[in-house]
Each structure stands twice: as C-alpha cells, then as structure tokens.
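Visitor: Numbering (this note's numbering), first residue to last: 258 to 757.
Ideal placement from N, C-alpha and C gives every residue a C-beta, glycine not left out.
Quick one: the structure is below, and I'll ask about it shortly.
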C-alpha cells in the first residue's frame, strides 16, 4: 500500500509546465500513428497501481479526452477487469459539475478502456508542490472544500462511496473550480463489495479514516469519506496531511491512535471556527463526525457567510482528553511520575522510612524527569530529530528509574518490575534497536543497583533470584524485539504492494 502519483485515476489534470514522458511502444502499440480505436493518443499523463491514463483526441468528435486503460493490457486477469469496470460504472452513474464525467466505456483489441472529460489544470497536490497554493486565513480552502463536499454528498446520495479522497484526486481547473476524480476504489453502498483483494489495504494512509486503516473495508460508511474531506481541509490549511510518519507502520499507528497537531498551531491565521470544522471531520469515532458531507458543506458555507457554525468549541475536559490522545507518551509519563510523587510523599508523611534529604531528592529527580520528558516530546515533533529523541527518551527513562530506585532503596521490592514494564513499552516505538538498547540499559541499571546494595549491606535475597530477574529482562527484550521485527516485516510487505 503506497500513495500513487498525483493525477492518476478517472480524471486528469495536465500541468503545462511539466515535461511528461510517454512510451507508446510499451503502452499502446508501435504501428504507425499512435491510434487506439477512435482515439489518437497524445501523451501519457500518469499511471497508478492498476491503470494508465493518456491525454488523447477522440477523432470522431474532435475533442480532447482523458483515456484510461488497464496497465497490464491484454494480460489483465478477470478480477482486475472487474475492478476496472467497477470504477467506470461508479463514475459513469454520477452527473455533477464537480465530478469528472465518463464519456465512453469499451474494449478495443482485447484492451478495456474508458474515456473521461479532460480537465486542464492541476491537482491540489501539484498546486502545493509547485508552491501555488496560498496558506492564508483559510477562506479559499473552505470555499473550495465546500464545493467538493457537495459533490461527495451527491455521490453518497447515488450510493457511491469514494474511499480515496486526497489532494491528488481533486483537480482544480483554470477557473479555480474543483473536480473530484479517481473512483478506482469506489464502492456501491447498495452492493456487497466483493472486489477487495486478500491482503490489500485500500486507500492512501495519510488521508484514510481510522476504520479504513484498520482494514474494516466492508464496514465503511460515508463517514469514512467525511474523514478524508477533513484530511484534505487540514492539508489545505497547513500544507501537510494530518498524519505522515517516516514509515507506513508509524503512519498507520498515528491514524489509528494518534491525534493531529492543531491547525492553528501550524498556521496561526486559521480561524478558530474553521479549525473546529476540520477537527470534527477528523474525529476517530465515525459517529462523532458530521452526519453527512452535505452537513459539512453547510457548516463551511456558514463560516464563509460569517455566521455561527454548527460545531461547538470543546470544553476543558474534552481538550484535556484530546491533549492526552495527541501526546500519549508524554501524558503517560507525567501521570506515572505524578502518581509516584504522590505515593512517595504520602508514605513519607504517614510513616517516614528515610531521611528528609533523600525523600526530597527523589521528588527532585521525578520533577527533572517530567521536564526532560516534555523536552523529548517537543523534540519528537522536530523534523529529522524524531529518531534521536526516541533513543534519548528511553535512555533517560532507564537511567532515572535506576536513580530513583537507588534513592528509595527499592532493589528488593516490587518496584524493580518497572524495568520489565519499560522494556515491554519500548516496543511501542516499533524499533528493534531501541528495544535492544532499553533492555541492555535496564540490565545494566539493575546490575548497578545490585552492586551498590551488596557493597553497603549484606545480601538480603538469594543470588539465584537476581539471576532469574536478569534472565527475565533478557527474555522480555528478545520477545518484544521479535514482535517488532514481525510487524516491520508485514509493514514492508504492504508498503511494496501496488495501490488497488
């Protein structure tokens, strides 16, 4: 599963400044003029996982069209042909000014094809890449997306779910009008979707809804397209998708469990009402999004008329929960450290078992740990620093946990099990090297505690107990690293598969 090139699909925007390559011998034959039935092929525009698209002239009607054919040509299998014709059928049943229309569906010399209205312009992705999209106060984005949402709502009313809405599939013509294209993943809501390939995740990770990322293809509703519309709006407001990590696995993990950075934190000019509209589309539970794409369009139009929007601002408790979901690593650290500080202080006040100096030293270490965690969280969001921040944070956790256990004299208590928990949690970063480092640091920290304790007082527990704990840490590290390896292998497998 990977993002296909912008502009591929059931409608095409031609960038006049872009030099396009075409290999007519490989694609449409090499006999005389590049003719394909009634069509004279001009140039190849793009191709995706299943189809190749040409700019062509329909000779009989003397009009320029976009001509799409199956990439594998005469060698296409039955299922591939079914999927191709499903796309043609879905788009052909839609007649809307903001949806690229189908002209003709047919077969020539064993090759299936369909022709579409040619849209001279560029996709939103291309506009962003070329630096021609202005990130202003968001009114242009709201105006454009309201029209797209109306078009998507019309498709939903006709029983068509797009399932792959993204900037590359929204074309903008010379007049600034948007056009929805590429219904290659479309599903008819009134029919059973039997075309989902085994082992294939459908869609573009950075713009797909969580339920789609979870593989619940047959359970998708119009709410999935509403989420994707919110992702496109986020892209128009900030210049980036809501989630885009260095790997497919990390991106899917963010889509499923992460929370987006607020648009206003990236572009302070975004009005609060428009931010709330965007965030409502991006809610994880489908039922918390807009009831329909039409309702989304109406709220965007209210915003453009400077009227109160339907979506309400979040309360304090909701904002806290959102912050926790957006930064789970930092939130869990702060919660655990606060709990440790409260328990430690309560125990000291009720029945002092250590000197005040040592007690306040523990609280100081916990406070420093919290500040360091906040700094690591900020570093995680800096481009190019996320990898280093992960290792720094895990290393600091192991070192500071060892220091706290030493100050508390907790070598022989249950708190040493925190080493095992830390090793297990390191797997959530999906990095084998990080798991290995955390395991080694935990074993080293436990060894230091054991050495300091044995030099200060007689051994209180049998040596075999400590040996078993070392073995338990090693086994935990190996198991977690193996699970991470398996997940990474599956991630690479899906990343290398073509988009369907």
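Below 8 Å CB to CB, which residues in the same chain sit around residue 741 once its five sequence neighbours on both sides are set aside?
Guide: These residues qualify, in order along the chain: 684, 687, 688, 689 and 692.
Visitor: Going by C-alpha to C-alpha distance, which of 468, 514, 525 and 531 sits closest to residue 487?
Guide: Residue 487 has its Cα closest to that of 531, out of 468, 514, 525 and 531.
Visitor: May I have the straight-line CA-CA distance separating residue 441 from residue 435, to the nearest angstrom?
Guide: Taking the straight line joining both Cα atoms gives about 18 Å.
Visitor: For the stretch 628-637 against the stretch 675-683, do three or more pairs of beta-carbon atoms, one drawn from each stretch, fall closer than 8 Å, so that the two count as touching?
Guide: The answer is no - the stretch 675-683 does not touch the stretch 628-637, with fewer than three Cβ pairs under 8 Å.
Visitor: Determine the contact status of residue 509 and residue 470, defining contact as a CB-CB distance below 7 Å.
Guide: Yes, they are a contact pair.
Visitor: Name the DSSP beta bridge partners of residue 427, please?
Guide: Paired residue(s): 437.
Visitor: Pull the bridge partners of residue 363 from the DSSP assignment, please.
Guide: Answer is 370.
Visitor: I'd like the span of the alpha helix (DSSP H) that includes residue 558, first residue to last.
Guide: Per DSSP, residue 558 belongs to the alpha helix (DSSP H) from 550-561.
Visitor: Sort 665, 515, 490 and 709 by Cα distance to residue 586 and report the nearest one.
Guide: It is 515.
Visitor: By how many angstroms is the C-alpha of residue 648 removed from the C-alpha of residue 671?
Guide: Approximately 26 Å, taken between the alpha carbons.
Visitor: When DSSP labels each residue in this structure, what does residue 688 get in the three-state scheme?
Guide: In this structure, residue 688 counts as coil in the three-state DSSP scheme.
Visitor: So, at 7 Å on beta carbons, what are the nonlocal neighbours of residue 512 in its own chain, with the 5 sequence-adjacent residues on each side left out?
Guide: So the list reads 462, 465, 467, 470 and 500, once near-sequence residues are dropped.
Visitor: I'd like to confirm the pairing. Which residues does DSSP put opposite residue 297 in its beta bridges?
Guide: DSSP, once it has assigned bridges, lists 292 and 314 as partnering residue 297.
Visitor: Drop a sphere of 10 angstroms on the beta-carbon of residue 427, count the other beta-carbons inside from all chains shown, and report buried for 16 or more, exposed for fewer.
Guide: Per the 10 Å Cβ criterion, buried.
Visitor: Any idea which residues DSSP pairs residue 309 with across the strands?
Guide: For residue 309, which the question treats as bridged, DSSP gives the partners 304 and 326.
Visitor: Please state the DSSP three-state secondary structure of residue 652.
Guide: Of the three classes helix, strand and coil, the one that applies to residue 652 here is helix, per DSSP.
Visitor: Per DSSP, what kind of secondary structure is residue 380 in: helix, strand or coil?
Guide: Strand, per DSSP.
Visitor: Output the distance between the C-alpha atoms of residue 327 and residue 313, rounded to the nearest integer angstrom.
Guide: Computed Cα separation, rounded: 16 Å.
Visitor: Which same chain residues end up closer than 7 Å to residue 546 when comparing Cβ atoms and leaving out the 5 residues on each side of it in sequence?
Guide: Correct list, in chain order: 480, 483, 484, 537, 538 and 540.
Visitor: Spatial neighbours of residue 710 within its chain, please: C-beta separation below 6 Å, excluding the five flanking residues on both sides.
Guide: Within the same chain, residue 710 has close Cβ partners 668.
Visitor: Comparing C-alpha positions only, which one of 744, 736, 703 and 743 sits nearest to residue 725?
Guide: The shortest Cα separation from residue 725 among 744, 736, 703 and 743 belongs to 703.
Visitor: Secondary structure at residue 445, three-state DSSP: helix, strand or coil?
Guide: The answer is strand: DSSP assigns residue 445 an E or B state.
Visitor: Is residue 512 helix, strand or coil when you go by DSSP?
Guide: Helix at residue 512.
Visitor: Where residue 425 and residue 419 are concerned, what is the direct C-alpha to C-alpha distance, given to the nearest angstrom?
Guide: Straight-line Cα distance between these residues: approximately 13 Å.
Visitor: Work out the CA separation of residue 588 and residue 627 for me, nearest whole Å.
Guide: Spanning the two alpha carbons is a distance of roughly 10 Å.
Visitor: Please state the DSSP three-state secondary structure of residue 526.
Guide: Reduced to three states, the DSSP call for residue 526 is coil.
Visitor: Spatial neighbours of residue 584 within its chain, please: C-beta separation below 7 Å, excluding the five flanking residues on both sides.
Guide: These residues qualify, in order along the chain: 634.
Visitor: Between residue 403 and the rest of its own chain, which residues show a CB-CB distance below 6 Å, the 5 nearest in sequence each way excluded?
Guide: Closer than 6 Å at the Cβ level, and outside the excluded window around residue 403, lie 554, 557 and 558.
Visitor: Tell me whether residue 719 is buried or exposed, calling it buried when 16 or more other Cβ atoms sit within 10 Å of its Cβ.
Guide: Label assigned to residue 719: exposed.
Visitor: Around the Cβ of residue 473, are there at least 16 other Cβ atoms within 10 angstroms (buried) or fewer (exposed)?
Guide: Its Cβ having fewer than 16 others within 10 Å, residue 473 is exposed.
Visitor: In terms of residues, what are the limits of the alpha helix (DSSP H) holding residue 667?
Guide: Run containing residue 667: none; DSSP gives neither H nor E here.
Visitor: Decide if the stretch 492-499 is in contact with the stretch 357-369; the criterion is three or more beta carbon pairs, one per stretch, under 8 Å apart.
Guide: Not touching, per the Cβ criterion.
Visitor: Can you tell me which residues form a DSSP beta bridge with residue 728?
Guide: Answer by DSSP bridge pairing: none, since residue 728 is not bridged.
Visitor: Can we say the stretch 381-397 touches the stretch 337-346, given the rule of at least three CB pairs closer than 8 Å?
Guide: No, the stretch 381-397 does not touch the stretch 337-346.
Visitor: Can you tell which of 731, 351, 310 and 390 has its C-alpha closest to the C-alpha of residue 416?
Guide: Checked all of 731, 351, 310 and 390; the closest Cα to residue 416 is 351.
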